[in-house]
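Data block below; observations after.
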Amino acid sequence: MQIDKDSFPKNLPIIVEEDMFLYPFMIAPLFIEDEASLKAIELAMESKDKMVLITTLKEKKSEDEEDSFYDVGVIGNIMRKVSLPEGRTKILFQGIIRGKIISLTNKEPIIASVMPILPKPYDESRVEAMLNILKEKTRTLHSISQSFPQDLLRSINETYEPNRAIDLIASATKLKKEQAYRIFKEEDTEERILTLIDTIIEEIKAQQIQKEIKVKVNSQMEKINKEYFLKEQLKQIQKELGTDATRDSEIEEYHSKLEKIKKYMSKSAYKEVSKQIKKLSRMHQDSADANLLQNYIDVVLEIPFGSYSKKALKIEEVEKQLNKDHYALKKPKERIVEYFATRELLALRKKNNNDSKGTILCFYGPPGVGKTSLANSIAQALKRKLVRIALGGLEDVNELRGHRRTYIGAMPGRIVQGLIEAKELNPVVVLDEIDKVHNSFRGDPSSVLLEILDPEQNKEFRDYYTNFDIDLSQIIFIATANDISQIPAPLRDRMEFININSYTPSQKEQIAKKYLIPQELEKHGLEPNEVSFSKAAIELIIEKYTRESGVRNLRRRIAQILRKVAKEILQNPQQKISITPKNIDSYIDKIVFEFDKISKKNEIGLVNGLAWTSVGGDVLKIEALKIKGKGGLHLTGNLGDVMKESAKIAYSHIKSLIDNGVLKIDSKLIPLTQKEKNDKYKPEANEIYNRFDIHLHVPEGAVPKDGPSAGIAIGSALASILSNRPIKSLVAMTGELTLRGDVLPIGGLQEKLIAAYKSGIKEVLIPKKNYQRDLDEIPNEVKEGMKIYAVESFKEVLEHILIK
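Numbering (full-length UniProt numbering), first residue to last: 1 to 804.
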């Protein structure tokens with residue numbers, strides 16, 4: 001197709017392609033999706049000749065749009081346009097002639113004044129000779145790289161028009177954009193041919209180098225293979241002659257190691273390892289089975305048979321280390337010292353300490369109270385290695401018992417790996433989160449733990465990988481858990497439980513001063529004389545910025561403050577920073593938690609219950625409201641099944657108290673119909689619960705709540721709303737209620753009482769049995785700050801809380 005050259009310069013819409021130059025006489029499908037190019041296509045289609053100029057995007061060197069694409073391209077027309085989904089358009093474009101952009105007249109769509117690039121006059125005989133050289137070099141390149149299709153190569157050879165041949169060769173050769181641009185824009189035909197010849201010669205050299213490298217690589221691989229086979233032949237010859245000493249020395253070394261530890265191993269263990277070493281000696285060393293077997297022998301011989309920590313047990317050192325590392329926790333530390341006193345006495349009374357059987361301690365309590373760090377202190381005091389095994393979410397029994405060697409990637413269980421790591425057979429092993437072990441199709445890990453922890457069974461614990469018994473009886477096992485009810489009963493039976501309770505605010509303050517702040521100062525590279533915390537600031541952090549039983553979040557808050565302090569000291573080295581309640585806002589986020597201070601106003605149907613959560617205790621407000629109805633009980637607040645049952649039990653008991661006249665009801669509270677008023681009807685007291693529906697709600701409905709310990713609090717709210725008598729606002733309570741009105745004991749008493757103390761409660765009602773057995777464990781600070789009453793029946797509860 002020809003164009004009228006006299007009609008130029010002409011304003012044409014511009015389409016910018018990203019990766020390729022199009023050449024004249026090419027017909028190519030193009031997929032367009034950018035907005036500017038789509039507008040350019042619409043503009044071209046509206047014109048008579050449907051002409052556009054297609055140029056190429058170049059590497060952008062400035063933010064100016066003129067610099068984002070080349071100033072040359074191919075002028076052609078749009079033969080066909082098809083709209084595609086998602087706003088894309090396909091066009092069939094036919095190139096006609098090279099063109100050059102003179103100037104831009106519009107930026108979107110891009111419209112430019114365009115002139116065709118016309119070749120200068122040339123010497124035909126000279127150009128023909130140069131063209132023949134170009135074709136020859138092209139054939140040479142093809143013979144090396146096979147980069148052109150045969151049809152294209154034939155077309156190049158049969159083309160005698162030089163610029164057409166140049167365009168064909170340039171389009172078929174993988175040119176860089178700048179190379180293609182230099183050839184494309186050139187008007188001098190001779191210069192175009194020479195530039196293209198130089199480019200193809202460079203490509204020929206590159207292809208030759210690649211070919212040489214491939215040949216060298218192949219020859220090197222052949223050489224390696226040849227050497228391998230020769231070495232194999234040499235090994236066989238040496239084996240026949242009895243001169244292959246390397247393998248024999250390895251086997252001999254294994255036998256030597258085995259003999260050194262023979263007296264510390266059981267007969268079955270020695271027999272198994274010895275058998276595997278002999279089996280290895282008969283196998284070809286390059287077989288897959290030989291590698292697996294050698295790995296097994298290496299692992300087994302690393303088990304520290306006969307290696308024990310020799311330090312004598314001294315309870316004074318245990319007690320000293322516990323007091324050094326932990327503040328408060330008086331009762332747990334006493335229990336730990338008593339436990340080790342028994343072991344020390346057993347060691348003194350028996351000649352062989354190895355006769356003593358291991359006992360399993362289990363520290364349980366909320367997160368962050370120091371369960372794992374207590375185990376660390378015990379290991380330090382005993383001068384034994386500490387092995388920590390995290391059991392949270394463990395489902396696969398093979399993680400503990402080891403994989404059978406028939407499986408690919410088999411390895412010993414975590415217990416055996418821990419012994420290898422500790423390099424002694426009596427380390428302190430911490431089984432973290434033992435209450436979070438789960439059963440699955442991979443087995444029941446708790447059954448394996450039973451064998452590991454039971455003193456009667458763990459003397460002969462069999463790991464599937466080692467395939468012989470290992471004595472675990474000298475290990476000191478320490479388990480940690482948050483909720484011991486989640487531990488299977490047979491496993492609980494093997495443990496000695498030590499409860500690690502919540503810290504009181506004053507205990508947290510001392511822990512922060514003596515442990516957390518000095519430790520975090522060291523971690524942040526700060527000196528004690530560079531930053532100080534006021535007592536009020538520490539109290540504020542504990543009260544307003546953390547809400548937990550332990551001190552983990554308290555440590556995080558202190559670290560958060562010290563990071564900002566470190567930045568300030570770098571900016572002003574001479575500055576000494578003091579953290580006080582006045583400036584704490586600039587070092588720490590806004591207040592996160594706040595215990596709602598109890599209102600002093602006595603209200604009807606509102607009572608303070610006490611709850612235990614995974615992060616400590618909380619004061620639980622329970623609200624009751626009566627509305628005209630037929631005696632229904634409506635429960636809201638995301639209550640669990642047990643708590644719903646407690647509410648029903650409490651409601652039934654309150655009804656019985658009204659029936660028996662124990663809970664006095666003013667007849668004026670009972671609504672009468674107009675007819676009853678006219679007839680001067682005198683209702684019975686028990687009619688009140690048949691003429692009202694009770695709505696019982698526990699606020700913070702998004703938080704699940706369950707358990708029986710809110711029984712007496714729910715009963716109190718119902719008694720108050722039905723009798724229309726206010727409840728003392730500064731009283732809180734906890735206890736399970738039975739149908740007969742007995743108050744049963746509950747758990748988590750310390751956490752609940754600490755929460756009540758923080759919230760400003762003045763009196764607390766607790767079950768009598770809790771009062772008798774648990775009150776001595778409550779911190780003195782809490783007992784002195786509140787009056788604690790023991791109640792045995794619900795009648796006593798009503799006498800304490802209802803205002804006449």
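The C-beta atom is built at its ideal place from N, Cα and C for all residues, glycine as well. Note that the coordinates shown come from a computational prediction; the quantities given were computed from them, not determined experimentally.
Put simply, the backbone Cα of K682 is about 17 Å away from that of F692. Counted as a single uninterrupted DSSP element, the alpha helix (DSSP H) harbouring I336 occupies residues 330–349. Contact check between the stretch 432–442 and the stretch 392–403: three or more CB pairs, one atom from each, fall below 8 Å, which counts as touching. R139 sits in a helix when the DSSP states are folded into three classes.
When secondary structure is reduced to three states using DSSP, P13 falls in the strand class.
The beta carbons of S506 and E751 sit no closer together than 8 Å. Residue pairing by DSSP places T480 opposite F363 in a beta bridge. Considering only T636, P573, G550, I117, the residue with the shortest C-alpha distance to G365 is G550. Taken atom to atom, the span from the alpha-carbon of M115 to that of Y23 is near 16 Å. Residues P767, K769, N770 of the same chain have their beta carbon placed closer than 6 Å to that of P745, with the five preceding and five following residues left out of the count. In this structure, I420 is the residue among G409, M411, I420 with its C-alpha nearest to the C-alpha of R388.
Beta-bridge pairing by DSSP links F229 to no other residue.
With respect to the 8 Å criterion, I558 and A512 are classified as neighbours on the basis of their beta carbons. Counted as a single uninterrupted DSSP element, the stretch harbouring K787 is not any alpha helix (DSSP H) but the beta strand (DSSP E) occupying residues 787–791. For A328 and D483, the gap between their C-alpha atoms comes out near 22 Å. If only complete runs of 4 or more residues are kept, the stretch 118–182 shows the alpha helix (DSSP H) at 124–145, 150–158, 162–172, in order along the chain. Within the same chain, L620, I622, G637, L639, K705 come within 7 Å of V698 by CB-CB distance, once the 5 residues on both sides are set aside. Cα atoms of V416 and S268: separation of roughly 17 Å, rounded to the nearest angstrom. Exclusion of the five residues before and after P29 leaves K90, L92 as the residues of its chain whose Cβ lies within less than 7 Å of its Cβ.
Approximately 6 Å separates the beta-carbon atoms of I470 and D463; this is inside 8 Å, confirming the contact. At least 8 Å separates the beta-carbon of A290 from that of L313. DSSP, reduced to helix, strand and coil, places Q575 outside both helices and strands of the structure shown, so it counts as coil.
Considering only A710, K523, D71, the residue with the shortest C-alpha distance to F184 is D71. In this chain, N426 is not harboured by any alpha helix (DSSP H), its DSSP state being neither H nor E. Bounds of the beta strand (DSSP E) holding M495 are 495–499.
The beta carbon of K177 is closer than 7 Å to those of T56, K58 in its chain, skipping five residues each way along the sequence.
Around the beta carbon of Y407, fewer than 16 other beta carbons lie within 10 angstroms, which makes this residue exposed.
Note on geometry: alpha-carbon atoms of E316 and C362 lie some 22 Å from one another. Rounded to whole angstroms, R555 and Y503 show a C-alpha spacing of 14 Å.
V397 is positioned such that its CB atom lies closer than 8 Å to that of V448. Burial is judged here by how many other beta carbons sit within 10 angstroms of a residue's own beta carbon; Q575 has fewer than 16 and is exposed.
Distances from the alpha-carbon of L374 to those of D432, A624, I801 put D432 closest. The Cβ atoms of Y689 and L722 lie closer than 8 Å to each other.
R740 counts as exposed, since fewer than 16 other C-beta atoms from the protein chains shown sit within 10 angstroms of its C-beta.
Where L53 is concerned, the enclosing beta strand (DSSP E) starts and stops at 51–56.
Just measuring C-alpha positions, the residue of E272, I96, E33, H653 sitting nearest E86 is E33.
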